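Visitor:
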Amino acid sequence: MTTPDTAARRTLGACAVLMVGALTLTACGADSDTRSEGKGGKDPAKSSAAQIAISARNGSTGASINRTGVKVSDGTLTGVRMTVAGTGQEVPGALAAGGTSWKPREQLERGTKYEIAATAKDANGRAVTTKSVFTTVSKADSFIGTYTPDDGTTVGVGMPVSFTFDKAISDKKAVQSHITVSSSSGQRVVGHWFGAQRLDFRPEEYWKAGSKVTMKIDLDGVQGADGVSGVQEKTVGFTVGRSQVSTVDADTQTMKVVRDGATVKTVPISTGSPEFTTYNGQMVISEKYKKIRMDSRTVALANAYDIPDVPDAMRLTQSGTFIHGNYWYNQGNPPFGRTATSHGCVGLRDVKGGRADTPAKWFYDNSLIGDVVVVKNSPDKTVAPDNGLNGWNMSWNEWVAGSAVGTS
């Protein structure tokens with residue numbers, strides 16, 4: 022998962038860039054925005070024709086963390102220095118080719134006071150200097166969305182695009198309309214809201230294997246609720262890998278792994294016991310751990326178990342359903358392929374540390390985030406669509422009905 026405050030860095034344009042050295046302004050007072058000088062010193066009659074525009078007005082608050090920058094008309098920028106006000110920490114930036122604009126290299130921090138000092142010269146060499154001290158939008162007045170999958174990843178065919186916002190969104194239409202998800206496969210992609218803070222996108226059927234999916238986030242300045250605006254501006258791309266859908270049959274205690282339409286393996290498993298049944302339905306692998314602690318107290322099962330090193334574990338639901346290796350089974354009476362004995366997870370034979378050639382290790386090594394695991398014939402109910410990344414358990418009509426924008 023990516024947290025946009027640290028990972029959603031905006032890439033500069035394709036033009037050539039160069040680093041700008043430090044600029045010292047000795048004649049620019051705290052209340053002064055602009056000063057022009059001729060070749061022989063101050064002279065209003067010989068003012069520079071160059072005009073510098075700093076996007077964040079001097080003294081302003083709520084400045085964009087993405088779009089703050091400097092431009093010049095009728096001249097060329099000769100120096101820009103941006104610092105964190107009070108600390109003097111330099112903010113690296115770059116001039117565009119030709120010296121007509123400058124931008125920070127990385128996204129700014131929210132709720133932070135910055136200072137920009139810029140100088141430029143016109144065609145006659147006359148200089149002008151400009152300064153702006155401003156504060157970026159605060160965390161209280163803005164929202165961000167943590168999203169999955171990450172940029173540049175390869176995922177399984179069941180992987181939705183999922184946003185979780187850090188504040189409740191009341192204008193869902195405005196927010197959703199500024200996030201677009203498209204696929205090279207041409208599949209129609211629609212967003213669905215689960216409550217006020219989660220927005221998922223998926224096509225009607227699983228993604229086509231090998232397709233490229235692009236998510237464009239254009240939320241900077243978009244009002245999501247009263248007095249709360251977005252700050253993210255980024256394009257994210259990921260690749261859909263081969264198709265793998267594995268079906269767990271609770272009746273036969275086996276799992277059939279189908280890759281690109283062909284069965285590649287049938288694996289003996291152990292599902293939830295009659296007291297702790299496993300959910301039915303289509304579940305998407307959302308996390309992978311070579312080793313993880315599983316404590317029954319975190320899923321409201323009192324002191325039923327506390328295993329510090331469960332191997333080859335992959336999350337299927339947010340509520341705690343995993344498909345994982347099991348090394349603590351009764352060696353004289355293995356349950357795999359015979360008996361449902363777990364507390365709701367799907368167990369596969371494994372060894373402590375998960376380093377042997379076992380069914381659990383094989384399945385872990387051959388699975389991607391976004392692969393689908395389908396459970397059928399369990400006495401339990403179907404998993405809720407918002408319990409994990411499991412919106413596939415909702416009909417297409419129901420999914421589309423949860424969109425806040427037109428879907429024609």
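Okay, so the sequence shown: first residue is 22 according to our numbering, each after it adds one.
Note that CB positions come from ideal geometry on N, CA and C, so glycine has one too.
From a predicted model like this one, the values you see are computed outputs, not experimental measurements.
Buried or exposed for P400, going by 16 or more other Cβ atoms inside 10 Å?
Guide: Working through the sequence shown from its first residue, we reach residue 400 at position 379. P400 should be labelled exposed.
Visitor: T362 to K134, Cα distance in whole Å?
Guide: Here the question's residue 362 lines up with position 341 in the sequence shown. Here the question's residue 134 lines up with position 113 in the sequence shown. Looking at the two C-alpha atoms, the distance is approximately 58 Å.
Visitor: Please classify Q265: is it buried, with 16 or more other beta-carbons within 10 angstroms of its beta-carbon, or exposed?
Guide: Working through the sequence shown from its first residue, we reach residue 265 at position 244. That one is buried.
Visitor: Which residues mark the beginning and the end of the beta strand (DSSP E) in which F297 is found?
Guide: One-based indexing of the sequence shown puts residue 297 at position 276. Element bounds for F297: n/a, residue is neither H nor E.
Visitor: Exposed or buried, which one is W413 when buried takes at least 16 other CB atoms within 10 Å?
Guide: Looking up residue 413 in the sequence shown gives position 392. The residue is buried, with at least 16 neighbouring Cβ atoms inside 10 Å.
Visitor: By the 10 Å Cβ neighbour count, where 16 or more other Cβ atoms means buried, how is D95 classified, buried or exposed?
Guide: As a first step, residue 95 must be located in the sequence shown, where it is residue number 74. Exposed is the call here.
Visitor: Is V196 helix, strand or coil when you go by DSSP?
Guide: Residue numbering aside, residue 196 sits at position 175 when the sequence shown is read from its first letter. Correct three-state label for V196: helix.
Visitor: Would you report the Cα separation of V182 and M304, rounded to the nearest angstrom?
Guide: Sequence index remark: in the sequence shown, residue 182 carries index 161 (1-based). Sequence index remark: in the sequence shown, residue 304 carries index 283 (1-based). Roughly 15 Å between the two C-alpha positions.
Visitor: For a test of the three-state rule: what should DSSP assign to R348, helix, strand or coil?
Guide: Here residue 348 corresponds to residue number 327 of the sequence shown, with the count starting at 1. Checking the sequence, you will find Tyr at residue 348 rather than Arg. In the structure shown, Y348 sits in coil (DSSP, three-state: anything other than H, G, I, E or B).
Visitor: Just to confirm my understanding: we take W420, look at its own chain, exclude 5 residues before and 5 after, and list those with CB closer than 6 Å. What are they?
Guide: Looking up residue 420 in the sequence shown gives position 399. Cβ neighbours of W420 beyond the five flanking positions: H213.
Visitor: Using a threshold of 8 Å, state whether the C-beta atoms of V285 and T275 are closer than that.
Guide: Taking the sequence shown and counting its residues from 1, the one referred to as residue 285 is at position 264. Taking the sequence shown and counting its residues from 1, the one referred to as residue 275 is at position 254. Contact flag unset, no.
Visitor: What does the alpha-carbon distance come out to for the pair K255 and D270?
Guide: Indexing the sequence shown from 1 puts residue 255 at position 234. Indexing the sequence shown from 1 puts residue 270 at position 249. Taking the straight line joining both Cα atoms gives about 42 Å.
Visitor: Cβ of G114 within 8 Å of Cβ of V101?
Guide: Your numbering for residue 114 matches position 93 in the sequence shown. Your numbering for residue 101 matches position 80 in the sequence shown. Going by C-beta atoms, G114 is nearer than 8 Å to V101.
Visitor: DSSP three-state label for T167, please.
Guide: Working through the sequence shown from its first residue, we reach residue 167 at position 146. It is a strand residue.
Visitor: Give me the Cβ distance between K142 and T97, rounded to the nearest whole Å; I'm assuming they're in contact under 8 Å.
Guide: Stepping through the sequence shown from its first residue, residue 142 is reached at position 121. Stepping through the sequence shown from its first residue, residue 97 is reached at position 76. Rounded, the Cβ-Cβ distance is 6 Å, consistent with contact.
Visitor: From the DSSP output, in three-state form, read off S317 for me.
Guide: Looking up residue 317 in the sequence shown gives position 296. In this structure, S317 counts as helix in the three-state DSSP scheme.
Visitor: Identify every run of the alpha helix (DSSP H) within the segment 329-405, keeping only runs that are complete inside it and at least 4 residues long; order them along the chain.
Guide: Whole alpha helix (DSSP H) segments, 4+ residues: 380-386.
Visitor: Short of 6 Å in beta carbon distance, which residues of its chain neighbour G341, apart from the five on each side in sequence? Order them along the chain.
Guide: Position 320 of the sequence shown, counted from the first residue, corresponds to residue 341. These residues qualify, in order along the chain: V320.
Visitor: By how many angstroms is the C-alpha of Q352 removed from the C-alpha of N324?
Guide: Within the sequence shown, the letter at position 303 stands for residue 324. Within the sequence shown, the letter at position 331 stands for residue 352. Each residue's alpha carbon lies about 23 Å from the other.
Visitor: Please state whether DSSP places W228 in a helix, a strand or coil.
Guide: Within the sequence shown, residue 228 is the residue found at index 207, counting from 1. DSSP places W228 in coil when its eight states are reduced to three.
Visitor: Can you tell me which of the three DSSP states A422 falls into?
Guide: Against the sequence shown, residue 422 aligns to sequence position 401. Helix, per DSSP.
Visitor: Rounded to whole angstroms, what is the Cα-Cα separation between Q244 and G120?
Guide: By one-based count along the sequence shown, residue 244 stands at place 223. By one-based count along the sequence shown, residue 120 stands at place 99. Spanning the two alpha carbons is a distance of roughly 34 Å.
Visitor: Helix, strand or coil for K237 per DSSP?
Guide: Residue mapping note: residue 237 aligns to position 216 of the sequence shown, counting from 1. Correct three-state label for K237: strand.
Visitor: Give every residue of the same chain whose Cβ lies closer than 7 Å to the Cβ of K60, excluding the five residues on either side of it in the sequence, and list them in chain order.
Guide: Numbered from 1 along the sequence shown, position 39 holds the residue referred to as residue 60. Here the model assigns K60 a pLDDT of 48, short of 50, so the residue's position is not dependable and the matter cannot be decided.
Visitor: Please state the DSSP three-state secondary structure of G207.
Guide: For the purposes of this step, residue 207 is taken as residue 186 along the sequence shown, with counting starting at 1. Looking at G207 - three-state DSSP - the assignment turns out to be coil, as it is neither helix nor strand.
Visitor: Comparing C-alpha positions only, which one of P224, T108, F215, E136 sits nearest to N79?
Guide: Translated into positions along the sequence shown, residue 79 becomes position 58. Closest by alpha carbon: E136.
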